[in-house]
Amino acid sequence: MMGQNRYILVGFLILLSGFTAPLCAQDSDTNTYCVPGVVGESPGKGVVLQYEAMPEPSVRGEDGTRQNLSSIQRAVAKIRIPLMNKVDKKALLGLRYDKQEYHFSPSTDTSLLPAGLSDRDMKSFGMALYGIKSLNYKHYLATRFLASLNGDYSGLKANSIAFSRFSWALIFGVKRTSHFEYGFGAIVGLWDQDFSAIPLALINYTRNRWGIKALLPSEAYFRYSFADFHMGYAGVEYHGSKYMLDEGLHSKINSFSTYEHSAFRYGIKWESRLMKYVWLGIHTGYEISWKLDLEPRNEPPLFNGNANPNFYLGVDLSLRPE
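Quick note on this note's numbering: the sequence shown kicks off at 1345 and runs consecutively.
Right, dumping it as structure tokens:
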């Protein structure tokens, strides 16, 4: 349950970075309204294309048995479309497609992870609605509703509810100054008939070129602005994935199976503007896994274990309104 709770958190991480409005605006009555964000942050991302690879990773079973893989690869595409941009309220529609694949070499020992997992498309397609309501010059509400399909589905399937995940998040933010904000909230989710709820805490602070942003319990990182449009980051974040896999994963299993992976990532990232609106990002680090399960419904687990600490490297290209 805790792994599932933390996985649901991942979708919320884009909530506070998806809005690119000024820090505050004036209405006709000269009241000031605030929105999330502090000075010193890079612009919010409108369109993102990302590729990530983990070369020669390995996993280990509960008994310590080790299995080496060829690679794990992941591709992500995201877009956020403005729906409303008024002085005290804003709304966005977000679309996201995420694809992950395990690749086994011909010599891979399949005594742990079954051969049916190799080259299997584990996909996630999500649609989200984001909203911000400014209450006054220092308080705001931010919310997000997400519906997504997660698994190895293909096309429209009558049993697509088995692949579905839903979540709703709400945070109350306090904008003390243009350099400091904090907030509290919660996120609730529904996945495969399991309900979860978890609290959230936000802190976002900038001092000169330095800054820190944390959305607890899922991420915390430091940032440093080397120059205009050149940013560096270092920190830790929770990274999780959960998919419903269809039949054929194993010759003896003819039912849905749940794949779940939970880990913490310690890494660095560099972001730089290539030209107006176009940014390049490169990130790398180590992933420390604490859970990797593959469990069929109403059957003994195919795999309960963990992944060894693994190196990852990724690159992304984004369009950012300024």
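Cβ atoms here follow ideal geometry from the backbone N, Cα and C, with glycine treated the same way.
Secondary structure of Leu1663 (DSSP, three-state): strand.
Our two residues, Glu1445 and Asn1548, have alpha carbons roughly 34 Å apart in a direct line. Looking only at Gly1438, Tyr1568, Tyr1484, Ala1397, the smallest Cα-Cα distance to Tyr1656 is reached by Ala1397.
Distance from the Cα of Leu1559 is smallest, within the candidate group Ala1530, Phe1489, Val1403, for Ala1530.
Between Pro1401 and Asn1654, the gap from beta carbon to beta carbon is short of 8 Å.
For Lys1433, the enclosing beta strand (DSSP E) stretches over residues 1433-1447. As the crow flies, the alpha-carbon of Val1659 is around 14 Å from that of Tyr1577. If you draw a 10 Å sphere on the C-beta of Phe1539, you find fewer than 16 other C-beta atoms in it, and that means exposed.
Residues of the same chain with a CB within less than 6 Å of the CB of Ile1556, apart from the 5 flanking positions on each side, are Tyr1549, Phe1566 in chain order. When DSSP reads this structure, Leu1479 sits in no beta bridge, so it has no partner. Annotated as proximal: Ser1468 and Asp1442, with beta-carbon spacing under 8 Å.
Counting C-beta atoms within 10 angstroms of its own C-beta, Ile1505 has fewer than 16 neighbours from the protein chains shown and is therefore classed as exposed. By the Cβ rule, the region 1517-1536 counts as touching the region 1482-1491, because three or more pairs are nearer than 8 Å.
The way I'd put it, the region 1568-1586 does touch the region 1610-1626; three or more beta-carbon pairs between them come closer than 8 Å.
For Leu1534, the three-state secondary structure derived from DSSP is strand.
Cβ atoms of Gly1495 and Tyr1568 stay farther apart than 8 Å, at about 39 Å.
By the 16-neighbour rule on beta-carbons within 10 angstroms, Met1471 is exposed. For Gly1529, the three-state secondary structure derived from DSSP is strand. Listed as beta-bridge partners of Val1383 by DSSP are no residues whatsoever. Non-local C-beta neighbours of Gly1408 in its own chain, meaning closer than 8 Å and more than five positions away in sequence, are absent. Judged by DSSP in its simplified three-state form, Phe1507 adopts helix. Spanning the alpha carbons of Leu1457 and Thr1602 requires a straight line of approximately 13 Å. His1583 places its beta carbon less than 8 Å from that of Ala1607. If you draw a 10 Å sphere on the C-beta of Ser1449, you find fewer than 16 other C-beta atoms in it, and that means exposed. Contiguous beta strand (DSSP E) elements confined to the region 1538-1564 occur at 1538-1551, 1554-1560, taking only those with 3 or more residues. Rounded to whole angstroms, Ile1476 and Gly1517 show a C-alpha spacing of 10 Å. Take the alpha-carbon of Phe1507 and the one of Asp1637: they are about 17 Å apart.
Each residue's CA atom was taken as its position, placing Trp1554 and Ser1386 some 13 Å apart.
Between Glu1604 and Ser1498, the alpha-carbon positions lie close to 20 Å from each other. The DSSP-derived three-state label of Gly1388 is coil. Inclusion of Asn1650 and Trp1634 in the CB contact set at 8 Å is warranted, their separation being smaller than that value.
Annotated three-state conformation of Leu1461 is helix, per DSSP.
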